[in-house]
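Top line first, the protein sequences correspond to chains A and B.
The first sequence begins at 9 in this note's numbering and counts up by one.
The second sequence begins at 32 in this note's numbering and counts up by one.
For each residue, glycine too, the CB sits at the ideal point set by N, CA and C.
A short write-up of the structure that comes next.
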Amino acid sequence: MIEILCMFLGIFLGMLMGVLPGLGATSLMLMLFPFLLHPSIDVFMLMSIFFGIVSSGQYYGSVSASVFGVLGEGSSLPAVQNGYPLTAKGRGAEVLVSASTASYIAAISSIMFTALLVYTIPDSFLWMMKGKVVFILLCFASILLIATSGRYLLATVCLALGIVSSLVGYDDFFEQRILTFGITQLDGGLPMFPIFCGLLVIPIAWENLQTTPKDQLHVISGSIIDRAKLLFQYIRKPSIMRGTVIGFFSGFIPGMGYIVSSNIAATAERRWYSTDDEDKTRLNTLMSAEAANNAGSVSVLIPLLLLGLPIVSSEAIFMGAAELKGFSITNTYEWFMMHWPWLLTLLVVINTFNWIVAGVFFNVILSLYQSSRKLIYYSLIALACSMMIYSGWEEQRLLLNLAVFGFTLPIGFYIVHNASKFIFVYGYFVSELIVDEAYRIIF
Amino acid sequence: MNKITKIALALTMLTSPAFADTIEILTYYKPGGGTDQQIQIAKPLIEAQGHTVNVQYLKSCNEAVARLKEGSGNVLMYHLNGDYAPGNTEAKCVVSASDAGVYIAGISAESPLSVCAAPNADVNRDNILTKPLKIGVPAGGAELWYVNKIISTVGASNWEIERYRGGGKMRKGVMAGDVDLFFSTNVGLRKVKGHGACFYSSMMNDPMGTPFVGGTDSEFPTIANANIIWSDTPDSVAVQAMRAALTDTAYVEKMNSMKMTVPSFVDAPSLIEMYGTYSK
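Structural data, given as structure tokens:
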């Protein structure tokens, strides 16, 4: 029962994340981190929240992109490029209904592929758990992240800083204190939440407060019956199938995940399958990208839960919280093998709910965005600050938290390149995996 | 009831160990881990005595020690014996049984550590001392010291040590086939599905039946993975409640079912002193 409530909480947060540009799964997970660490939140609840967030975000992320032309995360770029021009021509309903239906078909297909894969050949994934394989995959992921960031030097520095920041404190592996400078409170490591608040959460929220949506509210309709008909019509649509296949396999590649897959699917669709009718091409491209997005958001869970290998930053944060709840990367394999029917059912429920709700509440969500956007961002900033103060007080290191926040906030505002800052987060969470294996390889 | 009777009754209740108190348990290990598992087994048994238990998960051992020393009664701290290195100011945890404000409340449970074969590893009694083998060892505690002790005792110069950041990450390496042997507690062993035979145990009378590496040599150093429970006050309500929980049949049976033993309070000081001699 409590898992169902957590699932709905995740779905609600995912909706919020989807319609609020800049608030991606990574930022949201960082904001929620102190709450997720609470002892009363167990692994099942944590997963219900996380999957709710990630799946819903895929459905609603295209709403603000297609309707207002506002780019949220990188995965929304095809929606801005292809959905927004169609919305401007008065085809908003078709755009959003097509996008959500393509997303639903792709997610369900991906869940079925995943079930088939896990049921038939689970042990064939074990080799991927080898330290050297994980190390190579993580290095590959890091290189890909840097290469796609557009700011190679900054991204590399951020990755290195992320790795080093995570090592601060008494290190069990090296059996010595690293960069604690004699401060006992640093034995337990740098306070993570103030770092991420200062570096990412607040600067991003602030940045989005300054932007103005391009357009006024469109009234969009899409009845459930029409959409059900569309579902059967689209189920054999080649664009959606292509996007699904691209997204599904992209989910296995570290650093790629569903964010890059939507852009690859869109590029492939436009390059090789464009038609003379530009609007039709735009719609197909959008559906392919949305399909890739959602298929990838499911398949990305296989390396995470089967091998303990986070593919994207939000997963790395999830894994960080799950590990603190005793969900070690050792028992992920066994856990996954034992609970995958529950997990896949959860994903089916979340996606079905989102597909239904995405159609019914488009207008509600859009009017909420239009009328209360600033209020929501201000509330998020206030919430993040309150949580930081609370966690500092709870851990009895409030002063340290405030000092770290005060140090990172100007840096967060100074570095406007968010992709590099997300690479910092990625580095922070995969630091031990990289450093430990590098040590074993070298020595 | 006259005033004097009321005051006398109130004073009796306040000084009685059975009076409900709030007991704070400090740990620097993560929720859901091995140490927390032991806390969670003891917690309801303490609560059943009418007390409120507040478990605090702190970021580091030294923060927990500082909190313990500042405690004004009823504070307990769980401390893994592998982190106990009295006199070593560079150690993870700077604490000693002789420190002011630090008292022994008991030992929650002891588990032997064993050298066992990884799943599908081609290791047996005939080739364990001849074939080149990799042994996974969790770094940070006393395990590295003891594995080296085992290597020198049995003459296993063919073993190459692979250190891991804790038992969880080591077990991942074990499952992936990165190592042939691994050094684990009995609880950790249960988490490695399909593991092979266990060849050497760090304790005599290992509940798993694994032979002691020291054979019948009573002088040979034994080692256990154990949690020391420190208190901020000797014989406080918290100490008495914890001791009642540790001797509760339900607690002892639970630990035994997990192939661990619960040492008596009488033995605790000498055992803790022995833990302190493990070289890091």
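Of all residues in the region 78 to 96 of chain B, only V86, Y88, L89, K90, S91, C92, N93, E94 come within less than 8 Å of chain A when Cβ atoms are compared, listed by chain position. Non-local C-beta neighbours of B/N189 in its own chain, meaning closer than 7 Å and more than five positions away in sequence, comprise L160, T161, K162, P163, L164, ordered along the chain. Taking C-alpha positions only, A/P418 is separated from A/M395 by approximately 19 Å. Remark: C-beta atoms of B/A257 and B/N112 approach each other more closely than 8 Å. Proximity of B/A152 to chain A, defined by a Cβ-Cβ separation below 8 Å, is not satisfied.
Contact note: A/Y178 reaches chain B through S91, K123, using a C-beta cutoff of 7 Å and chain order. Rounded to whole angstroms, the Cβ separation of A/S296 and A/E277 is 4 Å, and the two are in contact under 8 Å. For A/A330, the CB contacts under 7 Å within the same chain, skipping 5 residues up- and downstream, are V51, L54 in chain order.
When beta bridges are read from the DSSP output, B/H110 appears opposite B/I259. When the five nearest sequence neighbours on each side are left out, the beta carbons in the same chain lying within less than 8 Å of the beta carbon of A/A392 are those of M39, C205, V209, I210, A213, in order along the chain. In the displayed model, A/R159 falls within coil according to three-state DSSP, outside both helix and strand.
Neighbours of A/F148 in chain B, taken as residues whose beta carbon is under 7 Å from its own, are absent, since the nearest beta carbon is some 18 Å off.
At least one CB of chain A lies nearer than 8 Å to the CB of B/E193. Contact note: A/E298 does not reach chain B at a C-beta cutoff of 9 Å; the least C-beta distance is about 35 Å. Here B/H110 is buried: its Cβ has 16 or more other Cβ atoms, across all protein chains shown, within 10 Å.
By alpha-carbon distance to A/A101, the top candidate from A/R235, A/P349, A/S269, A/I154 is A/R235. For B/D67, the enclosing alpha helix (DSSP H) stretches over residues 65 to 78. At a Cβ-Cβ threshold of 8 Å, B/S145 and B/C229 count as neighbours. Against chain A, a Cβ distance below 8 Å from B/R221 picks out nothing, because the smallest value is about 11 Å. The alpha helix (DSSP H) runs of length 4 or more contained entirely in the region 110 to 158 of chain A are, from start to end of the chain, 139 to 157.
About 6 Å separates the beta carbon of B/P242 from that of B/S232, a gap short enough to meet the 8 Å contact definition. Out of A/W350, A/S111, A/P42, A/F43, the CA that lies nearest to the CA of A/L294 is found in A/S111. Taking each of B/N119, B/H226, B/G172 in turn and checking the Cα distance to B/G204, the smallest one comes out for B/H226. In summary, A/V424 is exposed, with fewer than 16 beta-carbon neighbours lying within 10 Å of its beta-carbon over all protein chains present.
One finds M206, A207, G208 in chain B with Cβ atoms closer than 9 Å to the Cβ of A/L134, taken in chain order. Relative to the Cα of B/V86, the nearest Cα in the group B/Y134, B/K100, B/Q68 belongs to B/Q68. Rounded to the nearest whole angstrom, the C-alpha separation of A/L21 and A/A33 is 9 Å. Between A/L146 and A/I442, the gap from beta carbon to beta carbon is short of 8 Å. In the three-state scheme derived from DSSP, where H, G and I count as helix and E and B as strand, A/T283 is classed as coil. Taking a 10 Å sphere around the C-beta of A/I116, we find 16 or more other C-beta atoms and assign the residue as buried. Counting the other CB atoms within 10 Å of its CB gives B/E121 a total below 16, which places it among the exposed residues. Of all residues in the region 127 to 152 of chain B, none comes within less than 7 Å of chain A when Cβ atoms are compared. A/I243 carries a coil assignment under DSSP once its states are collapsed to helix, strand and coil.
Residues of the region 167 to 193 of chain B whose Cβ lies closer than 7 Å to any Cβ of chain A, in chain order: A170, G171, E193. Under the 8 Å criterion on CB atoms, A/K138 is classed as interfacial with respect to chain B.
Going by DSSP, A/E403 is part of no beta strand (DSSP E) at all; its letter is neither H nor E.
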